[in-house]
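In the working numbering, the protein residues as written are 206 to 456.
This report refers to the structure that appears directly beneath it.
This is the structure we're talking about:
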């Protein structure tokens with residue numbers, strides 16, 4: 206019997222798909238409402254103020270809600286390995302760094318193609334002060350990885366892979382269909398860019414968000430850890446912002 210024959214046949218299952226979609230769209234929304242309620246009681250950052258402080262608070266709630274969801278699922282419903290530990294075996298850290306850097310450059314080209322073609326500087330929506338540079342660099346290069354990869358890869362991919370198993374095989378490449386489905390949800394959560402960007406750039410963002418989501422899920426599956434997805438996410442976002450800061454400083 207071959208490996209492919211010994212694997213469970215992939216079948217779409219309505220309940221796991223609905224739970225995954227509800228968590229995928231619900232966790233960020235619940236985090237936003239939690240951060241908003243927190244701001245009313247403790248006068249922390251709100252969506253009516255500067256964007257960066259609000260993102261820090263909203264992502265913190267997203268991180269905490271995901272950890273709570275993982276604990277509930279793990280101990281009561283789906284006792285799987287959610288990858289909240291160091292890699293076991295091959296780490297995939299170097300592929301995460303290299304692919305992250307590549308996508309950081311690609312994201313910059315896609316997001317700011319009109320400015321690159323017109324030889325004009327990009328508008329980041331905030332002044333290039335030392336505080337903003339430090340705050341955004343830390344957010345994109347350190348903070349965003351765990352606060353997005355634990356909700357989307359550790360929580361969603363692990364849950365869906367356990368409840369709706371089955372793998373995609375393309376030559377020597379194989380991975381759980383769960384990672385591809387969650388990558389699609391991850392990309393759709395970036396669809397608000399159609400409201401703020403020209404449609405070619407917004408469409409390009411959908412493609413690279415999906416591709417990155419697949420890569421992150423692949424590293425999670427193969428390393429049995431969320432570390433490589435976190436590293437890749439931090440590198441890709443961090444490289445884009447470093448490029449933008451150098452671009453603006455040199456303009």
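All C-beta atoms in this analysis are idealised placements derived from N, C-alpha and C, irrespective of residue type, glycine included.
The structure presented is a predicted model; accordingly, all values stated were derived computationally and were not measured.
Other residues of its chain near residue i: CB distance less than 6 Å, five sequence neighbours each side excluded
i	result
residue 410	395, 398
residue 235	270
residue 448	313
residue 254	none
Neighbour-count burial assignment, residue i, 16 or more Cβ in a 10 Å radius
i	result
residue 242	exposed
residue 424	buried
residue 444	buried
residue 230	exposed
residue 280	exposed
residue 309	buried
residue 321	exposed
residue 223	exposed
residue 213	exposed
residue 227	exposed
7 Å Cβ shell around residue i - same chain, five flanking residues per side excluded
i	result
residue 251	241, 244, 259
residue 392	411, 414, 415, 418
residue 408	none
residue 420	304, 437
residue 290	430
residue 249	243, 262
residue 207	With a pLDDT of 49 at residue 207, under the threshold of 50, the predicted position of this residue should be treated as unreliable, though the coordinate-derived value follows. The answer is none, since no qualifying residue turns up.
residue 307	none
Selection from the options that minimises the alpha carbon distance to residue i
i	options	result
residue 261	349, 219, 228, 224	349
residue 452	434, 401, 314, 367	314
residue 426	286, 406, 212, 368	286
residue 354	308, 332, 431	431
residue 256	330, 406, 214	330
residue 155	291, 406, 263, 303	The displayed coordinates of the chain run from 206 to 456. Any statement about residue 155 would go beyond what the structure contains.
residue 356	225, 253, 321, 307	225
residue 351	366, 390, 439	439
Whether residue i touches residue j by CB criterion (8 Å)
i	j	result
residue 441	residue 312	yes
residue 384	residue 362	yes
residue 216	residue 336	no
residue 364	residue 232	no
residue 436	residue 305	yes
residue 359	residue 277	no
residue 433	residue 301	yes
residue 333	residue 455	no
residue 450	residue 338	yes
residue 401	residue 218	no
Close Cβ partners of residue i (< 8 Å) along its chain, the five nearest in sequence each way excluded
i	result
residue 422	358, 362, 380, 381, 383, 384, 385, 387, 388, 434
residue 482	There is simply no residue 482 to check, as the chain begins at 206 and stops at 456 in what is shown.
residue 446	341, 342, 345, 346
residue 221	364, 365, 368, 369
Are at least three pairs of beta-carbons, each pair with one atom in the region 262 to 275 and one in the region 293 to 310, less than 8 Å apart? no
Should the region 317 to 332 be called in touch with the region 238 to 253, which here means at least 3 C-beta pairs below 8 Å? no
Determine contact between the region 336 to 345 and the region 358 to 375, defined as no fewer than three beta-carbon pairs at a distance below 8 Å. no
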